[in-house]
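Just below is one structure, and these are the notes that go with it.
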Amino acid sequence: MATATAEKNVEAQPRQGGGKNDARRLRKSGLIPAVVYGAGQDSKPVAVDPKQIRRILNSETGHNSIFDLSLDGQSAKVMIVDWQFEPIKSALLHVDLKRIAMDKVLQVRVPIVLKGEAPGVKLQGGVLEQMLREVEIECLPGDIPGHLVADVSKLEFGQTIRISDLAHDDKLKFITDENQAVAHVTAVKEVVEAAPAEVAVEAGATAAEPEVIKKGKGETEGEAAEGGDKAAKPEKSEKKK
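Note that the numbering used here gives residue 302 to position 225 of the sequence shown, counting from 1, and the numbers run on in steps of one.
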């Protein structure tokens with residue numbers, strides 16, 4: 078199981094100013110604005126190479142990676158806690174870095190990866206559904222896993238894998254409820270047959286609406302006819318005169 082400790086070193090440069098124009102000039106130079114904070118120290122605005130940050134984000138351990146940040150001749154263990162992309166070109170715009178004390182536990186979220194082929198799908202014609210894709214855990218920084226594995230190779234129809242079934246060691250503690258379902262094998266018919274019934278109900282409701290409108294229209298016409306009879310009576314009285 079890969080841990081989140083990354084053998085990487087990112088060079089940071091101190092920066093001045095925090096306005097939009099300063100950020101634009103910095104990005105044109107090939108760097109992006111960042112801030113580093115935590116571990117009881119003051120936050121510092123810095124500039125980093127976006128290519129180095131992207132490599133970390135795209136690694137197996139992703140934003141949970143712990144790496145060395147070099148600044149002013151000193152090095153500190155940090156991890157990425159927030160980042161911002163430009164929506165159209167997907168350019169990295171900004172990143173927040175947090176100093177990490179390697180001897181203090183952290184709470185992080187790690188992805189869940191399904192492994193194997195479920196007999197409930199292969200032999201029994203069911204459908205494998207994953208309801209949970211990440212789990213929150215607590216552990217030391219050096220023990221953060223890149224992901225947790227949910228082995229579905231013995232999962233039969235109607236069975237469920239829960240958080241407590243995920244492969245893990247005693248170095249981590251689950252923060253998410255261990256009884257929460259991760260994946261199960263369900264029936265195809267439950268999904269397919271439910272749709273016509275819902276459509277039938279909706280169709281029935283739709284068919285009922287014209288009847289109400291038609292009935293209302295008929296009542297209106299009746300009132301018009303009744304009004305016509307009342308209008309005809311004075312004509313008869315005039316003939317009597």
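All C-beta atoms in this analysis are idealised placements derived from N, C-alpha and C, irrespective of residue type, glycine included. Owing to the predicted nature of the structure, the values given are computational and were not obtained by experimental measurement.
- Take VAL158, set aside five residues on each side of it, and the residues of its chain with a beta-carbon closer than 6 Å to its own are ASP173, LYS175, in chain order.
- In the DSSP assignment, ARG131 forms no beta bridge with any residue.
- The shortest C-alpha to C-alpha distance from GLU233 to any of THR253, GLU206, ASP220, GLU137 is the one to GLU206.
- Sixteen is the threshold: since fewer than 16 other Cβ atoms of the shown chains lie within 10 Å of the Cβ of ASN135, the residue is exposed.
- Contact between ILE238 and ALA227 holds: CB atoms are separated by about 5 Å, below the 8 Å threshold.
- Boundaries around ASP99 are those of the alpha helix (DSSP H), 97 to 105, since no beta strand (DSSP E) includes it.
- For LYS199, the uninterrupted alpha helix (DSSP H) run begins and ends at 196 to 199, by DSSP.
- In the structure shown, the three-state DSSP call for PRO218 is helix.
- The shortest CA-to-CA distance from GLN257 to any of ASP242, VAL125, LEU249 is the one to ASP242.
- At the C-beta level, HIS224 and ILE252 stay beyond 8 Å of one another.
- Inter-residue distance for HIS171 and ASP246 is about 35 Å (C-alpha atoms, whole angstroms).
- PRO122 is the residue among PRO122, ARG132, GLY96 whose C-alpha sits nearest the C-alpha of ASP149.
- Counting along the chain, SER147 sits inside the beta strand (DSSP E) bounded by residues 143 to 148.
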